[in-house]
Structures are given as structure tokens and as C-alpha cells.
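The sequence shown stops at residue 341 when you use the numbering used here, and every number in between is there. In this text, a Cβ means the ideal position worked out from N, Cα and C, and glycines have one as well.
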Amino acid sequence: MMRRLIVIAAVVLAGFIAFDLYPGLRGGAGWQWAYQPPPDVVAVIALTAGLTVYVVVTALLRARRAVRTVLAWTVFGGTVLAYLAVGIRGDPFFLLFTRTVSPVQTGAASLQTSIMARDGVLPTLRRWPEVMDEALTLNLIHFTTSPPGQVLAHQALADVFDSPALHGLAAPVSQAWRMYQCHDIDVMWYSRGEIMAAGLFAFLMPLLAALAALPIFGIARDLTGDRMLAARIAGWWALVPAVLMFAPTWNTLYPTLCALAFWLLLRGLRSEQMGWVLGAGLVTALTTFLNFAVLPFLLLAGLFTLGWCALTPPPPHPPGAGGNSGREAGGGAHPPAPET
Numbered sequence: 002m003m004r005r006l007i008v009i010a011a012v013v014l015a016g017f018i019a020f021d022l023y024p025g026l027r028g029g030a031g032w033q034w035a036y037q038p039p040p041d042v043v044a045v046i047a048l049t050a051g052l053t054v055y056v057v058v059t060a061l062l063r064a065r066r067a068v069r070t071v072l073a074w075t076v077f078g079g080t081v082l083a084y085l086a087v088g089i090r091g092d093p094f095f096l097l098f099t100r101t102v103s104p105v106q107t108g109a110a111s112l113q114t115s116i117m118a119r120d121g122v123l124p125t126l127r128r129w130p131e132v133m134d135e136a137l138t139l140n141l142i143h144f145t146t147s148p149p150g151q152v153l154a155h156q157a158l159a160d161v162f163d164s165p166a167l168h169g170l171a172a173p174v175s176q177a178w179r180m181y182q183c184h185d186i187d188v189m190w191y192s193r194g195e196i197m198a199a200g201l202f203a204f205l206m207p208l209l210a211a212l213a214a215l216p217i218f219g220i221a222r223d224l225t226g227d228r229m230l231a232a233r234i235a236g237w238w239a240l241v242p243a244v245l246m247f248a249p250t251w252n253t254l255y256p257t258l259c260a261l262a263f264w265l266l267l268r269g270l271r272s273e274q275m276g277w278v279l280g281a282g283l284v285t286a287l288t289t290f291l292n293f294a295v296l297p298f299l300l301l302a303g304l305f306t307l308g309w310c311a312l313t314p315p316p317p318h319p320p321g322a323g324g325n326s327g328r329e330a331g332g333g334a335h336p337p338a339p340e341t
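This is the structure we're talking about:
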């Protein structure tokens, strides 16, 4: 019954969006996607075929109970579906690269090339609050209240590929990618490394977003104890529309990092080993350094931890490990039992 309700709700929602029955579904005031038919019917057919193949193959793999294959297929399928979804509007490689170097849709590449590469890493970090003010005048709207993590990632990758050791690789690849924006004089001033950084983040972000299926599987497995059920849950991730539609923005990466942090936290709480909890803290710190939008995750993780500690009974103490000493319990230390 529940499955039928989910399918009906999905069909109704798709109908509302397809026929524009409620324009509010395309966004609120000041930010609303245009309602227009896709420019290429072939791309729509390709996406439909991709979705069909993904669902059919996933069902076949579930029947064989091939957990690892299901996970690999989920990551691969999620990546391909993201490319097909972006391809509705044209060449997916062109669109992914263009969105990455765009000052409005993402902005990290633009800020790195216009400010950090010019002023240096440390000077830029020291005056980061001023940089956020400058971002507004440069129309880098997503960095008016953002930490420097994304910009640092672009800078680090650009420095790597600008090194003489990688000149042989960066020169031909960056030349090919530069052609996507040969009409934009600002992008033409990018160094080889900066083009490489923008291209790698553009083309790999769908894969990084699809990798969220792995920590989702880990969470579901630890909570249910059923590997196949966990794989089935993770398989739905590749079908989340927002992840497919918003590639290659960094917003599609945050679920991967937050799911990984929660999985590490869950393992730490279950095993009572601080190393897992520290790992969750490190991943969360990295994520908040990329974007402040994930700060609510700290609240959710904290509430989950409090609830876990309050509702989970403490493990039973082994015999003789209570508050009394060994002498009060009837004897001192005993030698280990002989092996049989």
C-alpha cells in the first residue's frame, strides 16, 4: 500500500511540474525557473532510457542479492544520470564547465582567479570578511556569506597543475577545455592550472555527488543489520532529482560529506570508540569550511547523539567489574582459564 501511495504521489507531482499547474513549484519570488519545453527531444529520450535502464538493472541485481554490485551500479548510474539530466539543455560537458566558471551559478573559480590568485592565499584569508564584501560588487553572490574552502580547493588544484612537472598533461587538456569559453575574455586569462581545476571540479562533481550512496548504505546497514535492505535504500539516491539537476554545483557534494560524517558518528556511538567520532568531527569541520549552509547538520547530529545516549541502555558489566573490588567480590585476581 505504501509503495502505491509513493508512486501515485510521484506521478501527481510530476504532472504538476510538467503541465505547470502550480508555478510555485518552479521557485519562489525572485528566483524561479522558466517554464519552457526542452530544446532537444533526443536528450529527453536519452534521459528516459537511462532512467529505465537504471531501474531495470537495479531490480535484477537486487534479485541476485549482489550487494557490492548494486552499490557500484548506483554510483555509476547516478553519475551517468546526472550527465543525461544536464544534457537536456545541450552539451553536458559545455554546461558543466560553464556553470563552474560562472560567477553567479557557482563563483568559486571566479573568486579564486580574480582575488586569491592576485593577492595570494594568506593575504586573502586574513581579510576574508572584506573579500565577502567585495564578492557582492563582483556579482559573486554565493560568496557574500561563505567560508573560503571552495576557493582554496580551486587554488590548490590550480597550483598543482601549474607546476612544471604536470605541464605535459595540463597544456593539451586545458587547451581543449578552454575552448568551451573561448568567447569569455575573463576565462581566457585563466592559467592552465586554473582551467584544469575548473574542469576537474565540473566533470567530477556528478561522481562525487553519486558517492553519497556509499555512506547511506553504511548508515542503513548499521541501523537495520540487513545488507541487502541497505543496498536497496542506497539505490534510491541516484534518482533524487535535485542531485541530478544541480550538477555540478557544490551543493550536490554536501549530502555526500554529511552522510559520511553521520555514518562515522553512528559507528562511533555504536562501538563506543572515540576515533570514529573524531573522524565525524573532522568531516563536519571540512564541510562547514566549504559552506555555512550545512551548519544545521551540527544541530541534527548533536540531537541524535543526545537521543542515542539517553535511550540506549549501557552495556552490561562483566562479572567482577562492578563498583566492588575484587577482594569484596570474593577473591583477588584470577589467572586466565586454560585453553581447551
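For Gln1, collect the residues of the same chain with a Cβ closer than 8 Å to its Cβ; drop the 5 residues on either side in sequence, then sort them by chain order. Outside the displayed span of the chain (2 to 341) sits residue 1, for which this structure offers no information.
Taking the alpha carbon of Ala286 as the reference point, which residue from Gly276, Leu299, Gln274, Gly303 has its own alpha carbon closest? Leu299
Along the chain, where does the alpha helix (DSSP H) containing Asp134 start, and where does it finish? 129-138
Distance, Cα to Cα, Met180 vs Glu131? 33 Å
Environment of Ala10 [buried if 16+ CB atoms lie within 10 Å]: exposed
Is the beta carbon of Gly1 less than 8 Å from the beta carbon of His143? No information on residue 1 is available, as it lies outside the stretch 2 to 341 that the chain covers here.
In whole angstroms, give me the CA-to-CA distance for Gly31 and Trp277. 43 Å
Inter-residue spacing [alpha-carbon to alpha-carbon] between Val56 and Ile89: 20 Å
Report the option in Thr49, Val87, Ser115, Phe94 whose CA atom is closest to the CA atom of Asp187. Ser115
For the region 244-269, list the beta strand (DSSP E) runs that are entirely contained and at least 3 residues long, ordered along the chain. none
Going by beta carbon distance, what residues of the same chain come within less than 7 Å of Met2, once the five residues before and after it are set aside? none
Among Arg4, Leu215, Phe305, Leu153, whose alpha-carbon lies nearest the alpha-carbon of Gly269? Phe305
Spatial distance of Gln151 from Ser175 (CA atoms): 20 Å
Look at the alpha carbon of Gln182 and the alpha carbon of Thr99, and state the distance between them as a whole number of angstroms. 7 Å
Inspect the beta-carbon positions of Leu254 and Ala210 and report whether they are closer than 8 Å. yes
Just tell me which of Val87, Arg65, Leu22, Gly194 has its CA closest to the CA of Ala172. Gly194
At what residues does the alpha helix (DSSP H) containing Trp277 begin and finish? 275-291
What's the C-alpha gap between Arg65 and Pro242? 27 Å
Can the beta-carbon of Thr257 be found less than 8 Å from the beta-carbon of Ala213? yes
Collapsed DSSP secondary structure at Met2 in the structure displayed: coil
Proximity winner among Pro93, Trp264, Leu82, Ala248, relative to Ala221 (alpha-carbon distances): Trp264
Could you pull the start and end residues of the alpha helix (DSSP H) that Ser111 belongs to? 109-112
Cβ pair count under 8 Å reaching 3, the region 72-81 against the region 155-168: no
Measure the CB-CB distance between Leu141 and Leu112 and report whether it falls below 8 Å. yes
By the three-class DSSP mapping on this structure, what secondary structure does Pro40 have? coil
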